[in-house]
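Enquirer:
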Amino acid sequence: MNALSSSTEIAVIGAGAMGSGIAQVAAAAGHTVWLFDVREGAAAKSREQIRAMFTRLVEKGRMKTEQAQMASEALRVASSINDVAAAGLVIEAIVEDLEAKQHLFLELEAVVDPTAILATNTSSVSITAIAAKLAYPGRVAGLHFFNPAPLMALVEVVSGLATDKTVAQTLYQTALAWGKKPVLTRSTPGFIVNRVARPYYAEALRLLEEQVSNVDTLDALMREGGGFPMGPFELMDLIGHDVNFAVTCSVFQSYFQDPRYKPSLSQQELVSAGFLGRKSGRGFYFYGPQATPPAVSEHEPKPVPAKLIVEGNLGPAEDLLASPLQGVDLQCVQGGGLLRMDGCTLALSDGRSATIRSAEDNLPNLVLFDLALDFKKSGRLAIARADQASPAAIDVATGLLQALGWRVSVIDDTPGLVVLRTVAMLANEASDALMQSVATAHDIDRAMRFGVNYPEGPLAWADRLGADYLYRVLDNIQRHYQEDRYRPSALLRRLAAGKGRFVESQSSAP
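Numbers 282 to 791, taken from my numbering, label the letters of the sequence shown in order.
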């Protein structure tokens with residue numbers, strides 16, 4: 282299917298921030314765009330704001346004067362639903378309420394041509410349910426933009442049970458023509474991004490509740506070790522805790538209270554207190570005059586060990602020793618992926634706590650280190666010692682890691698530490714979404730990279746780490762907590778047993 286022609290008129294129903302952003306994108310792409318809102322004057326105000334934005338883009342050299350003028354002139358204000366009758370695509374961006382959307386779509390169906398596409402920008406309401414009462418449910422699909430729509434690249438094209446394939450493909454090609462990076466997904470709770478991203482927040486909240494470390498340090502580890510552009514707490518503050526908590530509750534209820542999506546009491550308390558993040562001046566952080574400097578835990582400099590014995594292959598952390606170590610007697614022997622020095626044993630986490638692994642594997646003075654996005658590039662690593670280990674073991678491990686260029690944050694002993702635990706859960710959720718045919722592996726990774734700016738798609742990351750390793754990590758975390766929340770995906774278990782890869786388990790989208 283081809284994209285809609287630029288001569289096709291577009292209607293946007295709902296002139297709030299999201300509707301205005303979508304209208305700006307469509308007008309910039311050359312379409313005549315009708316804006317309608319039931320609030321008096323809202324559509325006209327939106328049109329003027331969009332025109333002002335086009336002027337600013339010209340001033341910044343990001344848009345040609347002629348293009349801005351044409352796009353500004355293409356913006357029309359509809360005084361009633363009847364004014365959008367000629368639209369070939371109507372995009373709804375009203376309140377997230379099923380009955381309100383169903384009522385609007387019934388009104389639209391009575392006005393527009395039977396061939397017109399009816400799209401909803403919903404992030405949480407079932408496309409199948411919205412379309413159910415229409416005479417032609419096949420022309421209804423989701424077209425989920427991310428805020429702010431003019432800047433965010435991702436668009437989720439969502440098909441309900443009745444959505445015609447040609448409708449989804451037309452929307453996909455149209456989003457491409459508008460300069461976006463679309464993905465195809467089925468209408469399931471959270472679609473791709475709002476489902477797969479849940480562990481990024483949930484694991485951080487749990488680690489905080491268990492007092493593994495403080496907010497500043499956990500955020501720093503995810504940024505400087507995991508490569509994520511924002512830590513989970515600063516991101517929740519940016520999104521707004523009312524919004525983030527509501528999405529979590531919606532997904533939790535939609536999946537019949539699956540413990541994987543269980544909301545956090547800590548976040549509920551923030552919402553109850555009105556501490557909603559940046560927009561209220563306080564969330565996990567203070568903003569404005571009350572803002573305080575970050576309190577990131579960083580271990581003080583320690584001496585480099587004189588001797589290092591490398592036992593076997595370090596697996597996903599093999600590149601940790603890529604940088605030369607000056608003045609260290611380095612020996613390599615066969616073994617199980619351990620680093621031994623000055624009575625300390627250092628190892629990459631396998632999902633067990635250091636305390637349990639030390640006891641089960643008879644490893645004295647055990648210190649575990651966390652996963653990093655790229656062990657060739659120094660950043661920040663979390664380490665934790667077993668309860669039975671000497672406190673001096675932390676200093677020895679720190680000295681080695683600092684000599685390799687890493688900033689070291691000591692945290693309390695916890696299964697999977699911080700980055701590894703979070704990445705494993707993200708990959709696990711993506712694995713289930715793939716197994717359930719929510720989207721292809723290609724589109725799941727594309728959605729997470731362009732919708733929430735992850736440094737790597739969770740399935741590609743899982744392939745790089747190895748399904749067998751991630752399965753072992755999750756199995757160990759589940760054994761520790763004895764909770765269904767950490768159950769490994771059936772597809773992950775299958776790939777681990779067969780040494781398979783996610784990118785080979787399903788063909789990719791166009």
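Glycine included, every Cβ here is placed at the ideal spot set by N, Cα and C.
(1) Please list, in chain order, all residues of the same chain as residue 297 whose beta carbon is under 6 Å from its beta carbon, the five residues on each side excluded.
(2) My understanding is that residue 783 touches residue 743, with C-beta atoms under 8 Å, so please give their C-beta distance in whole angstroms.
(3) Which residues does DSSP list as the beta-bridge partners of residue 314?
(4) Taking only runs that begin and end inside the stretch 336–392, name each unbroken alpha helix (DSSP H) of 4 or more residues, in chain order.
(5) Just how far apart, CA to CA, sit residue 696 and residue 537?
(6) Less than 9 Å separating the beta-carbons of residue 654 and residue 664?
(7) Would you tell me roughly how many angstroms separate the C-alpha atoms of residue 295 and residue 700, rounded to the nearest one?
(8) Please go through the same chain and pick out, in chain order, the residues whose beta-carbon is closer than 6 Å to the beta-carbon of residue 348, but skip the five residues on each side of it.
(9) Reducing DSSP to helix, strand and coil, say where residue 622 ends up.
(10) For residue 455, name the three-state secondary structure that DSSP assigns.
(11) Pair every Cβ in the stretch 320–337 with every Cβ in the stretch 298–307, then say whether three or more of these pairs are closer than 8 Å.
(12) What residues in its chain sit with their C-beta under 6 Å from that of residue 732, if we drop five residues either side in the sequence?
(13) Report the three-state DSSP secondary structure of residue 788 (helix, strand or coil).
(14) Taking the C-alpha atoms as reference points, what is the distance between residue 669 and residue 645?
(15) Rounding to the nearest angstrom, what Cα-Cα distance links residue 789 and residue 775 in this structure?
(16) Are the CB atoms of residue 449 and residue 422 within a distance shorter than 9 Å?
(17) Taking all protein chains shown into account, decide if residue 625 is buried (16 or more other Cβ within 10 angstroms of its Cβ) or exposed.
(18) Only counting the same chain, and skipping five residues up and downstream in sequence, which positions put a Cβ closer than 8 Å to that of residue 685?
(19) With residue 794 as the anchor, note down where its alpha helix (DSSP H) starts and where it stops.
(20) Could you name the residues of the same chain whose beta carbon sits closer than 6 Å to that of residue 284, not counting the 5 residues immediately before and after it, in chain order?
(21) Which residues in the same chain have their Cβ closer than 7 Å to the Cβ of residue 518, if we skip the five residues on either side of it in sequence?
(22) Using three-state DSSP, classify residue 638 as helix, strand or coil.
(23) Going by C-alpha to C-alpha distance, which of 373, 759 and 484 sits closest to residue 317?
Expert: Taking the coordinates as given:
(1) Same-chain partners within the cutoff: there are none.
(2) Contact holds; Cβ gap of about 6 Å.
(3) Per DSSP, 291 and 356.
(4) The stretch 336–392 contains these whole alpha helix (DSSP H) runs: 346–354 and 379–390.
(5) Going from the Cα of residue 696 to the Cα of residue 537 covers about 27 Å.
(6) Between residue 654 and residue 664, the C-beta gap is not smaller than 9 Å, which leaves the two residues out of contact.
(7) Those two C-alpha atoms are separated by around 39 Å.
(8) Excluding positions up to five away in sequence, the list is empty.
(9) DSSP, reduced to helix, strand and coil, places residue 622 within a strand of the structure shown.
(10) Helix, per DSSP.
(11) With a cut-off of 8 Å on Cβ pairs, the stretch 320–337 is in contact with the stretch 298–307, counting three or more such pairs.
(12) Excluding positions up to five away in sequence, the list reads 427, 435 and 474.
(13) Any reading at residue 788 must be qualified, since the residue scores a pLDDT of 46, below 50, and its modelled position is unreliable; the value itself is stated next. DSSP places residue 788 in coil when its eight states are reduced to three.
(14) C-alpha separation (whole angstroms): 8 Å.
(15) For residue 789, the predicted structure reports a pLDDT of 40, less than 50, and the residue's modelled location is therefore unreliable. The matter cannot be settled from this model.
(16) For the pair residue 422 and residue 449, the CB atoms are nearer than the 9 Å cut-off.
(17) Buried.
(18) Answer for residue 685: 601, 602, 604, 606 and 659, listed in chain order.
(19) Residue 794 lies beyond the stretch modelled for the chain, which goes from 282 to 791, so this question has no answer here.
(20) Excluding residues up to 5 positions away in sequence, 454, 455 and 458 lie with their Cβ nearer than 6 Å to the Cβ of residue 284 in the same chain.
(21) Here the set comprises 558, 559, 564, 565 and 566.
(22) In this structure, residue 638 counts as helix in the three-state DSSP scheme.
(23) The residue from 373, 759 and 484 with its alpha-carbon nearest to that of residue 317 is 373.
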